[in-house]
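The sequence shown begins at 1 in full-length UniProt numbering and counts up one residue at a time.
Every residue, glycine too, gets a C-beta built ideally from N, C-alpha and C.
Small disclaimer: the values here were computed from a predicted structure and weren't measured.
First comes the structure, then the notes that go with it.
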Amino acid sequence: MNRFDHNRELTLARSIRRHLNENGAVGHYLEPRGSGLHHVFFLRVNDELWVGRKLLQRDRHFQWQAGSALKPGMLFGPHLHSLWGDDGLSIGYRTVSPADKAQFFEHALHQADSEILFPFPLLDETGREAVCPADFWQCNESLAEQLNTDEQHLREYCAGLLQAITEKGALIYDPACSTGAFIAHLARALPDCLCLGSDRSASMIEHARQCHGGTSVEFDVLEASEAFDTGICCDVLILRFLNAEVLTRREAQTAFESLIRCVKPGGSILVFGHTPVLIPVTWLASLHHLKLESSVAARPGQVELFQFYRLTVPAP
1 MNRFDHNREL TLARSIRRHL NENGAVGHYL EPRGSGLHHV FFLRVNDELW
51 VGRKLLQRDR HFQWQAGSAL KPGMLFGPHL HSLWGDDGLS IGYRTVSPAD
101 KAQFFEHALH QADSEILFPF PLLDETGREA VCPADFWQCN ESLAEQLNTD
151 EQHLREYCAG LLQAITEKGA LIYDPACSTG AFIAHLARAL PDCLCLGSDR
201 SASMIEHARQ CHGGTSVEFD VLEASEAFDT GICCDVLILR FLNAEVLTRR
251 EAQTAFESLI RCVKPGGSIL VFGHTPVLIP VTWLASLHHL KLESSVAARP
301 GQVELFQFYR LTVPAP
């Protein structure tokens, strides 16, 4: 996950920061052809579109990572143009001050139609969407630690949100629970709810049962596409695998349309991940008559933004 050339990314970060804080001028950034295009993002607030680029950040172990939490300093400014050519992606923008960037982040948090968009996928050497091979998901301690680090801020936010909106006795379902750490965290935070985690990887479920067997979570080996046919009917659906490097965009949309059938009327669907969300959530919500409650989030007290779509299924 988050595969890239660290030296290349650090060099780019230094070159970007040299001209991001000019104010009022027209700025220009060229994203060279190669492995970094998928880090370019757009932040839309009230039909105003700003452009930025994800940069490396230190994780809790002081390692460089391309995490999902964006910072204001990653913004270039209001978008003027994006032009593709032999040299790469030419991005034009209106430069703004650091204070303006922080204010735009704050504004995004309080507008229901705000959205973070990553339009360009990570590509493999053949030019197709890059997806981790099946053996990547054979669970081991190194992978479990990486996944745990990548999703810590998402776990914290999700638990707080569900504590505020979920009723006693609700069933929370994570159909791609991987190591089980995420759904186990929710089970501890919401002891009056029922929690179910499943995954197609038998090694992941074995790890989940060994590490989180003391929680109230039930873990099963199951293909996500089979969840509805097995009779699963939940109040909260956790979709944190419809993401770059996990599935292709087409596979992610198919999985979304299959799994939303598992949600009861009045229930909630949460879509997020530690790599960018692949599916056009706003359009799919409209297509399937789901209510889009919000699409960006941040932890309390943090100046950040990350993709976190909350949808609700209308009650009859």
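*Three-way DSSP call (helix, strand, coil) for Asn2 in this model*: Because Asn2 sits at a pLDDT of 47, beneath the cut-off of 50, its placement in the model cannot be relied upon, and the following sentence gives the value as read from the coordinates. DSSP, reduced to helix, strand and coil, places Asn2 outside both helices and strands of the structure shown, so it counts as coil.
*Select from Asp220, Ser198, Met74 the residue whose C-alpha is nearest the C-alpha of Phe306.*
For Phe306, the closest C-alpha among the options Asp220, Ser198, Met74 is that of Met74.
*Figure out for me which residue from Val296, Asn7, Pro314, Pro316 has the closest Cα to the Cα of Tyr157.*
Nearest to Tyr157 by alpha-carbon distance, out of Val296, Asn7, Pro314, Pro316, is Val296.
*Could you name the residues of the same chain whose beta carbon sits closer than 8 Å to that of Lys264, not counting the 5 residues immediately before and after it, in chain order?*
Closer than 8 Å at the Cβ level, and outside the excluded window around Lys264, lie Cys233, Cys234, Asp235, Val313.
*What span of residues does the beta strand (DSSP E) with Trp84 cover, start to end?*
Counted as a single uninterrupted DSSP element, the beta strand (DSSP E) harbouring Trp84 occupies residues 75-85.
*Between the CA atoms of Leu80 and His28 - distance to the nearest angstrom*: Approximately 10 Å between the Cα atoms of the pair.
_So, with DSSP's three-state summary, where would you put Gly301?_
In the three-state DSSP reduction, Gly301 falls in the coil class, being neither helix nor strand.
*Taking contact to mean at least 3 C-beta pairs separated by less than 8 Å, is the segment 41-60 in contact with the segment 106-122?*
A contact exists between the segment 41-60 and the segment 106-122.
*residue 318 versus Gly52, Asp220, Leu171, residue with shortest Cα-Cα distance*: Only positions 1 to 316 of the chain appear in the structure, and residue 318 is not among them; the question remains open.
*Do the CB positions of Phe54 and Leu70 come within less than 8 Å of each other?*
Looking at the sequence itself, residue 54 is Lys, so the reference to Phe does not match. The answer is yes: Cβ separation under 8 Å.
_Given Phe272 as reference, the closest of Glu245, Tyr309, His288 once Cα atoms are compared_ = Nearest C-alpha to Phe272: Tyr309.
*First through last residue of the beta strand (DSSP E) which encompasses Lys264*: Lys264: member of the beta strand (DSSP E) spanning 263-272, first to last residue.
*Are at least three pairs of beta-carbons, each pair with one atom in the segment 142-149 and one in the segment 213-228, less than 8 Å apart?*
In short, these stretches do not touch, since the Cβ pair count stays below three.
*Just reading off the beta strand (DSSP E) that Pro32 is part of, what are its end residues?*
Pro32 -> beta strand (DSSP E) spans 26-32.
*Given that a residue counts as buried once 16 or more other Cβ atoms are within 10 Å of its Cβ, and exposed if not, what is Asp229?*
Asp229 should be labelled exposed.
*State the DSSP-derived secondary structure class of Ile279, mapped to helix, strand or coil.*
In the three-state scheme derived from DSSP, where H, G and I count as helix and E and B as strand, Ile279 is classed as coil.
*So, Arg209 versus His185, is the Cβ gap smaller than 8 Å?*
Remark: C-beta atoms of Arg209 and His185 do not approach each other more closely than 8 Å.
*Which residues share a DSSP beta bridge with Asn243?*
Answer is Val277.
*State the beta-bridge partners of Val313 as determined by DSSP.*
Answer by DSSP bridge pairing: none, since Val313 is not bridged.
*asked:* Taking the alpha helix (DSSP H) that Leu259 belongs to, which residues open and close that run?
replied: Residues 249-259.
*What did DSSP end up calling Leu49 once you bin it into helix, strand or coil?*
Strand.
*Going by beta carbon distance, what residues of the same chain come within less than 6 Å of Ala285, once the five residues before and after it are set aside?*
Here the set comprises Leu292, Leu311.
*Per the contact definition of three or more C-beta pairs closer than 8 Å, is the segment 103-113 in contact with the segment 169-178?*
In the pairwise beta carbon analysis, the segment 169-178 is classified as not touching the segment 103-113: fewer than three pairs are separated by under 8 Å.
*Pick out the complete alpha helix (DSSP H) segments inside the segment 96-160, 4 residues or longer, and give them in chain order.*
If only uninterrupted alpha helix (DSSP H) runs of at least 4 residues are considered, those enclosed by the segment 96-160 are 98-109, 141-150.
*asked:* For the segment 185-203 against the segment 248-262, do three or more pairs of beta-carbon atoms, one drawn from each stretch, fall closer than 8 Å, so that the two count as touching?
replied: Pairwise C-beta distances place the segment 185-203 out of contact with the segment 248-262, as fewer than three of them are shorter than 8 Å.
*asked:* Please list the terminal residues of the continuous alpha helix (DSSP H) segment that includes Leu186.
replied: Taken as a continuous stretch (DSSP letters only), the alpha helix (DSSP H) holding Leu186 covers 181-189.
*First and last residue of the uninterrupted alpha helix (DSSP H) at Cys177*: Per DSSP, Cys177 belongs to no alpha helix (DSSP H) and is neither H nor E.
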